[in-house]
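> In the working numbering, the protein residues as written are 1 to 247. Each residue gets a CB set at the ideal place from its N, CA and C atoms; glycine is no exception. My questions all concern the structure below.
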Amino acid sequence: MTERPVLSGSPVAGFPVGILCLRTCHPLLPGNVQNAQSFSTPVLYHAIDVTEPWALMRGDPALTDIIVAGVQHLASHGVRGVAGACGSFAFYQRAVAERCDVPVFLSILTQVPFILQSLGPRRKLGVICAVAETMNARVYGECGIRDPHRLFVVAMRGRPAFDVLIEQNRLPDPARLRAEVLDAAAEICADPDVGAILLQCSELPPYAADIQARCGLPVFDMTILIRWLSEAADRRPYAGIGAGRAT
Numbered sequence: 001m002t003e004r005p006v007l008s009g010s011p012v013a014g015f016p017v018g019i020l021c022l023r024t025c026h027p028l029l030p031g032n033v034q035n036a037q038s039f040s041t042p043v044l045y046h047a048i049d050v051t052e053p054w055a056l057m058r059g060d061p062a063l064t065d066i067i068v069a070g071v072q073h074l075a076s077h078g079v080r081g082v083a084g085a086c087g088s089f090a091f092y093q094r095a096v097a098e099r100c101d102v103p104v105f106l107s108i109l110t111q112v113p114f115i116l117q118s119l120g121p122r123r124k125l126g127v128i129c130a131v132a133e134t135m136n137a138r139v140y141g142e143c144g145i146r147d148p149h150r151l152f153v154v155a156m157r158g159r160p161a162f163d164v165l166i167e168q169n170r171l172p173d174p175a176r177l178r179a180e181v182l183d184a185a186a187e188i189c190a191d192p193d194v195g196a197i198l199l200q201c202s203e204l205p206p207y208a209a210d211i212q213a214r215c216g217l218p219v220f221d222m223t224i225l226i227r228w229l230s231e232a233a234d235r236r237p238y239a240g241i242g243a244g245r246a247t
């Protein structure tokens, strides 16, 4: 078995996946992408210096070099793949992937084409996003989404508890936030053509089980993508009867 070389100059090792995040300061619930207890395998975080988060949500091209540098920083510590902790990183997916040597999944929206293929041509994918304006033609192009008409998009912005979270950078009453998330899910589930739900915002996975209990549908989010990427980046040999034996 060929061993990957350990990169010199790195004071840490053993992280299959790196996560690019923002310098948020509100409490992060288990299930949030920026809470390491959301994962059963090690993850390495790197916070980029974005002083104005709305610039990211607008897809400001000036942030491209900062995001590339963040991915390269994580790669220098030996990670084999990088994920983004904010759905708005989707604005930079292609530009960053082109300049980096490790696989990059900056947003769960990169999984939309994969999920849509599983649903059949007349089914829809429900998307609960943070801000409706971030679901636009540029993001669809960056993430390879060719049939956005099959997305049923519901935004969280404009709901009081969620607005406290994104505008004041503090965690509101979790029960109120949960109720707002479930209201958004109910809007999606009212359409019988929706076959699955995707959570675009990394603040929403703590409520994924509640959404599934309400709607009875598969629920995809960035924590699942990161677990999948971690498995791909750090494969383990199979065990069991006959393992390693010639047949």
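Under 8 Å, do Val-96 and Ile-128 count as touching if we go by C-beta distance?
No, Cβ-Cβ distance for Val-96 and Ile-128 is not below 8 Å.
> Check whether the stretch 39-59 and the stretch 11-31 touch, using three or more Cβ-Cβ pairs below 8 Å as the test.
The stretch 39-59 is in contact with the stretch 11-31.
> Just to confirm my understanding: we take Glu-187, look at its own chain, exclude 5 residues before and 5 after, and list those with CB closer than 8 Å. What are they?
Closer than 8 Å at Cβ, skipping near neighbours: Val-154.
> Which whole-angstrom value is the C-beta distance of Ala-232 and Asp-221, which I expect to be below 8 Å?
The pair is not a contact, with the Cβ atoms about 18 Å apart (cut-off 8 Å).
> Where DSSP assigns a beta bridge to Val-127, which residues make up the other side?
DSSP output for Val-127 lists Val-153, Leu-198 as bridge partner(s).
> Using only the alpha-carbon positions, how far apart do Val-17 and Gly-81 sit?
Near 5 Å, if we compare the C-alpha coordinates of Gly-81 and Val-17.
> Hey, could you find the ends of the alpha helix (DSSP H) Ile-115 is sitting in?
From DSSP, the alpha helix (DSSP H) with Ile-115 extends over 112-119.
> Report the residue from Arg-176, Glu-98, Asp-147, Ile-145 whose alpha carbon sits nearest the alpha carbon of Pro-160.
Of Arg-176, Glu-98, Asp-147, Ile-145, the residue nearest in Cα terms is Arg-176.
> DSSP puts Ala-47 in a beta bridge; with which residues?
Beta-bridge pairing links Ala-47 to Cys-21.
> Would you please state the rounded distance, in angstroms, between the beta carbons of Ala-185 and Ile-166? I believe it to be under 8 Å.
Between Ile-166 and Ala-185 the Cβ distance is about 19 Å, and since that is not below 8 Å, they are no contact.
> If you reduce the DSSP assignment to three classes, tell me which class Phe-220 lands in.
In the structure shown, Phe-220 sits in a strand (DSSP, three-state: E or B).
> By Cβ distance below 8 Å, which residues in the same chain neighbour Arg-138 in space, the five residues on each side in sequence not counted?
Excluding residues within five positions, the ones whose Cβ falls inside 8 Å are Gly-59, Phe-91.
> Helix or strand or just coil, what does DSSP make of Pro-30?
The answer is strand: DSSP assigns Pro-30 an E or B state.
> Could you name the residues of the same chain whose beta carbon sits closer than 7 Å to that of Asp-101, not counting the 5 residues immediately before and after it, in chain order?
Excluding residues within five positions, the ones whose Cβ falls inside 7 Å are Ala-75.
> Contact defined as beta carbons within less than 8 Å: I believe Ile-48 pairs with Leu-22. What is the distance between those atoms, to the nearest angstrom?
Right, their Cβ atoms sit about 7 Å apart.
> Is the beta carbon of Met-57 sitting closer than 8 Å to the one on Val-112?
No; because the gap between Cβ atoms is not below 8 Å, this pair is not in contact.
> Anyone know if the C-beta pair for Ile-115 and Leu-106 falls short of 8 Å?
Taking 8 Å as the Cβ cut-off, Ile-115 and Leu-106 do not qualify as a contacting pair.
> Taking the straight line between their C-alpha atoms, what separation do you get for Trp-54 and Pro-218?
Distance between the alpha carbons of Trp-54 and Pro-218: 30 Å.
> Please tell me whether Gly-84 and Leu-20 are closer than 8 Å, where the distance is taken between their beta carbons.
Yes, they are a contact pair.
> For Ser-118, which option in His-26, Pro-237, Gly-195, Leu-151 has the closest C-alpha, if you only look at C-alpha atoms?
Nearest of His-26, Pro-237, Gly-195, Leu-151 to Ser-118, Cα basis: Gly-195.
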